[in-house]
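Participant: Right, I'll just put the structure down here and ask away after.
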Amino acid sequence: MAFKNFPETGASKENILDILENFAKKMKPYSMRGLRIYSTDPHPLAIEAITKFLPFNRNNIGTHTSNEYASGLQYLEAEVISMLSNLFGLEKGDGYLTQGGTEGNITGLWIGRNMLQENGGKLCLLKTPLTHYSIEKAADLLNINKVVDVPCDTEYGMDGEKLKETIKLLYQEGYNNFLIALTLGYSGTGTVDPLNEIDAVINDFQSKLKIKTYVHMDAAIGGLVYPFVSEKILDFRYSSLQSISLDMHKTGLVPHNAGVFLCRKGLQNFIERPVPYLGLGKDNTLSGSRPAAIAAGCWSIIMLLGKSGFKKIVESELNLKKYFIEASMANEYLPPFIFITHPSINILAFHINKLKNSQLDPQTEKRFGLKPCWLLHDGEKKLFYTIIFMPHITKKIIDEFFASLKWYKK
Ligand SMILES: Cc1ncc(COP(=O)(O)O)c(C=O)c1O
13 MAFKNFPETG ASKENILDIL ENFAKKMKPY SMRGLRIYST DPHPLAIEAI
63 TKFLPFNRNN IGTHTSNEYA SGLQYLEAEV ISMLSNLFGL EKGDGYLTQG
113 GTEGNITGLW IGRNMLQENG GKLCLLKTPL THYSIEKAAD LLNINKVVDV
163 PCDTEYGMDG EKLKETIKLL YQEGYNNFLI ALTLGYSGTG TVDPLNEIDA
213 VINDFQSKLK IKTYVHMDAA IGGLVYPFVS EKILDFRYSS LQSISLDMHK
263 TGLVPHNAGV FLCRKGLQNF IERPVPYLGL GKDNTLSGSR PAAIAAGCWS
313 IIMLLGKSGF KKIVESELNL KKYFIEASMA NEYLPPFIFI THPSINILAF
363 HINKLKNSQL DPQTEKRFGL KPCWLLHDGE KKLFYTIIFM PHITKKIIDE
413 FFASLKWYKK
């Protein structure tokens, strides 16, 4: 982009709209942006709802779940938090709408650090090698110097046994406070951390040793996928889990920025600040001032789809994932694929051993928006590609992808 001076005088509205129109024409829908996109075309109702409230897009600062005077967009936000808390097994929760998964993760770890600090002693953050980088960003911001990776098990989730060994070793080194960052749908593999096993490990340790934990779950991807199709519960019904970050702008059909932070009642007190220039006002969020209208978008989609509507969408994404796996096997000219995935998440990572350097040719990578990343498989680092089966992905795109591999030989 060329350097642009601040204009001396204003331009005409027509001129401005013409320029914007040209920019708008170049924007591509998600369906044209490849196989590795974590968002999708927003539902028209979400756009209509947000647009309706744009003239009243005031500052939604603070948290409205305990605000008995909440009205309008504050009220809608409180209902969004309430409906999502209910989905995750929490009768009365707190929380607020964030700028996205990153903010929710930082908020969760911020609350956790402050809560554990009250306990005194040394603190360590536990995660896995697959954890989203926003968790390390949080550690940096929060001055958490000790960050340890717990290895994954064969299902690409945090290994409960290794967690036990790690906590034991760290306890011997004098660590007594553990912030544990779990993930429901890792970005690269779609796999999930087994909260059920981890909760058991934590409860066992807490009954024997003087340790305290705070478990936060990054559900940026899986939050609006997993609960609709999995029989296994991984939510607030496990007592060790304190907070969750998820994104309605990923799998919730709402445009950016529509992140959600959920936590047990009262936990945001650990980050609360008085706002002296607002009299008795208080703020207990990371963002402070934040847009209100997005609440109308989130509220409308949850009300429109309900559990059954989300389930239908997720099931069709999982069917498409199955179609991809079957198509890879049906093409006898193709070398075998190695897959990593989770049955209840719409993500698939694949590796093709026989390719030169295990990489697709640059044209195929570009055309389908695929970028390789390193993952540990059978004890070896291998290059994997990730596909996110979002509503804009079709059988046609998948067929085109396989057709583009025709010249590869077994
Ligand atoms: C697992 C996971 N966590 C967190 C994030 C960050 O979300 P956001 O980009 O909304 O901040 C992402 C983004 O893709 C993600 O995949």
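Take our numbering: the last position of the sequence shown gets the number 422, and nothing is skipped along the way.
Note that the Cβ used here is the ideal one computed from N, Cα and C, for glycine as well.
Under the assumption that Pro403 contacts Thr52 (Cβ atoms under 8 Å), give the Cβ distance between them as a whole number of angstroms.
Facilitator: The residue given as residue 403 occupies position 391 in the sequence shown. The residue given as residue 52 occupies position 40 in the sequence shown. At roughly 5 Å, the Cβ-Cβ gap stays under 8 Å, so Pro403 and Thr52 are in contact.
Participant: Keeping to the same chain, check which residues put their C-beta closer than 6 Å to that of Thr297; ignore five residues upstream and five downstream.
Facilitator: As a first step, residue 297 is located in the sequence shown; it is residue number 285 there, counting from the start. Tyr108.
Participant: Decide if Arg48 is buried, meaning its Cβ has at least 16 other Cβ atoms within 10 Å, or exposed.
Facilitator: Sequence index remark: in the sequence shown, residue 48 carries index 36 (1-based). Flag for Arg48 reads buried.
Participant: Give me the Cα-Cα distance between Met260 and Lys40, rounded to the nearest whole angstrom.
Facilitator: Walking along the sequence shown from the start, residue 260 turns up at place 248. Walking along the sequence shown from the start, residue 40 turns up at place 28. Rounded to the nearest angstrom, the two C-alpha atoms are 20 Å apart.
Participant: Using beta-carbon positions only, say whether Pro206 and Phe100 come within less than 9 Å of one another.
Facilitator: The residue you call residue 206 lines up with position 194 of the sequence shown. The residue you call residue 100 lines up with position 88 of the sequence shown. Not closer than 9 Å, so no.
Participant: Have a look at Val227, Ser199 and Gly200 and flag the residue whose alpha-carbon is nearest the alpha-carbon of Ala212.
Facilitator: Locating residue 212 in the sequence shown gives position 200, where the first residue counts as 1. That would be Val227, whose Cα lies nearest to the Cα of Ala212.
Participant: Judging by CA-CA distance, which residue of Gly124, His363 and Trp311 is the nearest neighbour of Ser252?
Facilitator: The residue labelled residue 252 in the question sits at position 240 within the sequence shown. The shortest C-alpha separation from Ser252 is found at Gly124.
Participant: Could you check how far apart the C-beta atoms of Leu138 and Ile192 are, in whole angstroms? I think they sit under 8 Å.
Facilitator: Position 126 of the sequence shown, counted from the first residue, corresponds to residue 138. Position 180 of the sequence shown, counted from the first residue, corresponds to residue 192. At roughly 5 Å, the Cβ-Cβ gap stays under 8 Å, so Leu138 and Ile192 are in contact.
Participant: From Thr77 to Asp152, what does the alpha carbon distance come to, in whole angstroms?
Facilitator: Within the sequence shown, the letter at position 65 stands for residue 77. Within the sequence shown, the letter at position 140 stands for residue 152. Roughly 29 Å between the two C-alpha positions.
Participant: Look at the alpha carbon of Thr110 and the alpha carbon of Ile256, and state the distance between them as a whole number of angstroms.
Facilitator: Within the sequence shown, numbered from 1, the residue matching residue 110 stands at position 98. Within the sequence shown, numbered from 1, the residue matching residue 256 stands at position 244. About 12 Å.
Participant: Short check: CB of Ile233 to CB of Gly291, under 9 Å?
Facilitator: Counted from its first residue, the sequence shown places residue 233 at position 221. Counted from its first residue, the sequence shown places residue 291 at position 279. In this structure, Gly291 does not lie closer than 9 Å to Ile233 by Cβ.
Participant: Might you give, ordered along the chain, the residues of its own chain that have their beta carbon closer than 6 Å to the beta carbon of Lys224, omitting 5 neighbours on each side?
Facilitator: The residue labelled residue 224 in the question sits at position 212 within the sequence shown. These residues qualify, in order along the chain: Leu128, Asn131 and Asn189.
Participant: Is it buried or exposed, Cys455, if we count other Cβ atoms within 10 angstroms and call 16 or more buried?
Facilitator: Residue 455 is absent from the model: the chain starts at 13 and stops at 422.
Participant: Quick one: grab the DSSP three-state call for Ser257.
Facilitator: Locating residue 257 in the sequence shown gives position 245, where the first residue counts as 1. Here Ser257 sits in strand by DSSP.
Participant: Nearest to Tyr420 by alpha carbon, out of Asp216, Glu26, Leu367 and Gly300?
Facilitator: In the sequence shown, counting from the first residue as 1, residue 420 sits at position 408. Answer by Cα proximity: Leu367.
Participant: The alpha helix (DSSP H) with Leu330 in it runs from where to where?
Facilitator: Taking the first residue of the sequence shown as position 1, residue 330 is located at position 318. Leu330 -> alpha helix (DSSP H) spans Ile306 to Ala342.
Participant: Please classify Ile210: does DSSP put it in a helix, a strand, or coil?
Facilitator: Position 198 of the sequence shown, counted from the start, is the residue given in the question as residue 210. Looking at Ile210 - three-state DSSP - the assignment turns out to be helix.
Participant: Using 10 angstroms around the beta-carbon of Trp386, count the other beta-carbons present and answer buried if the total reaches 16, otherwise exposed.
Facilitator: As a position in the sequence shown, residue 386 is number 374, starting the count at 1. Exposed: under 16 other Cβ atoms inside 10 Å.
Participant: With burial defined as no fewer than 16 other Cβ atoms inside 10 Å of the residue's Cβ, what is the status of Gln280: buried or exposed?
Facilitator: Taking the sequence shown and counting its residues from 1, the one referred to as residue 280 is at position 268. Gln280 comes out buried.
Participant: Answer yes if the stretch 309-321 comes into contact with the stretch 259-279, meaning at least three C-beta pairs across the two stretches below 8 Å, and no otherwise.
Facilitator: Touching, yes.
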